[in-house]
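Working notes for the structure below.
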Amino acid sequence: MRIFRQAQELQQFALETRRAGKSIALVPTMGFLHAGHASLIDIARGRADVVIVSIFVNPTQFGPGEDLDKYPRDFEHDRLVCEEHGADVIFAPEPGAMYAPDASTWVEETVLSRPLCGARRPGHFRGVATVVTKLFHLALPDVAVFGRKDAQQLLVIKRMVRDLNFPIEIVAAPLVRGADGLALSSRNRYLSEEEHQRALVLSRSLRAAKPALEEAGISAAPAIIAAIRHEIEAAGGHVDYVEALDVDTLAEPTETTREVLLALAAYFGSTRLIDNELVQVKK
Ligand code: PAF
């Protein structure tokens, strides 16, 4: 397995790989890899000749007062996970190797990035779209794998790839949960044992809401959302949002809505967690 720290090294490698007729799969990550990331690498491994995992805590997607400085990092652990899951390359640049000090070009999706996390974290998806574009230009992948846990991110990236004609297939990987139901996230590391136990309400309430919404239809969404909010607050969490939106538009569902993204964000202590379920809408 090779490790590149410089953008040019990766791009040169990717150009040579493509010239040799080999396909490339990219797994973009911010490191501190867990079983969810490992599943993305496994999927990538099954999709291309060469698997590149990027590990980069991207400063431009963090807002002021967010956890950029304390975001967990453990390169040696990440290296082992990548090796065990058959990655060929790790790209782990320093911020200075990714952004010129006077960088002034951004990529911004302007519809799907607006609600949910976009409304609470201004500039977040602009940072994500920009760094993912840069990673695409450097790794030149045929396929890139993203997890469904970051459902809005996945939708924004898919829209960007469509709108900007990237010749890249975006593969959506299933959300991975721990045995207790908590969606795996590098940020789970911040939770105390007690907060972790309290946070189980997120997956529990979504799991209960899914069949209820499927059965009762979208008119029941406000009551179901209120129930989820109540359960989270009762468990000691602080709700950031709970919303049920049309998965194609991320707008309020209409009579043409086929599937709803039931998405939430909540704080346990100072840790902000997200989770979601996709729900088929009864016609
Ligand atoms: O999902 C993440 O870890 C990040 O948002 C990503 C896609 C690697 C971009 O920095």
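So the mapping is simple: my numbering equals the position in the sequence shown, first residue as 1, plus 6. Glycine included, every Cβ here is placed at the ideal spot set by N, Cα and C.
Nearest Cα to lysine 28 within the set Ile49, Arg8, Leu118, Asp55: Asp55. Neighbourhood of the ligand PAF, defined by CB distance below 6 Å to any of its heavy atoms: Pro34, Thr35, Met36, Asn64, Gln67, Val134, Val137, Val138, Asp156, Gln159, in chain order. In the DSSP secondary-structure assignment, aspartate 281 is bridged to Leu270. Straight-line spacing of the CA atoms in alanine 232 and valine 248 works out to 8 Å. The beta carbon of serine 209 sits closer than 7 Å to those of Arg183, Gly187, Leu188, Ala189, Asp281, all from its chain and outside the five residues before and after it, given in chain order. The C-alpha of glutamate 15 is placed about 45 Å away from the C-alpha of glutamate 258. With a cutoff of 8 Å on beta-carbon distance, glycine 37 and isoleucine 61 are scored as near each other. Around the Cβ of proline 180, a 10 Å sphere holds fewer than 16 other Cβ atoms; the residue is exposed. Exposure of phenylalanine 81 is indicated by the presence of fewer than 16 other C-beta atoms within 10 angstroms of its C-beta. Beta-bridge annotation (DSSP): glutamate 265 is paired with Gln286.
Under a 10 Å Cβ-count criterion, arginine 204 is classified as buried, with 16 or more other Cβ atoms of the shown protein chains found around its own Cβ. At a cut-off of 4 residues, the continuous stretches assigned as alpha helix (DSSP H) that sit fully inside the region 84-153 are 101-104, 122-126, 130-145. For threonine 23, the enclosing alpha helix (DSSP H) has its first and last residue at 13-25.
Among the bridge pairs identified by DSSP, serine 225 is matched with none. Annotation: isoleucine 174 is outside any alpha helix (DSSP H) and is labelled neither H nor E by DSSP. Between the region 237-246 and the region 266-277 there are three or more inter-stretch CB-CB distances shorter than 8 Å, so the stretches are counted as touching.
Looking at the DSSP output, glutamate 82 shares a beta bridge with no other residue.
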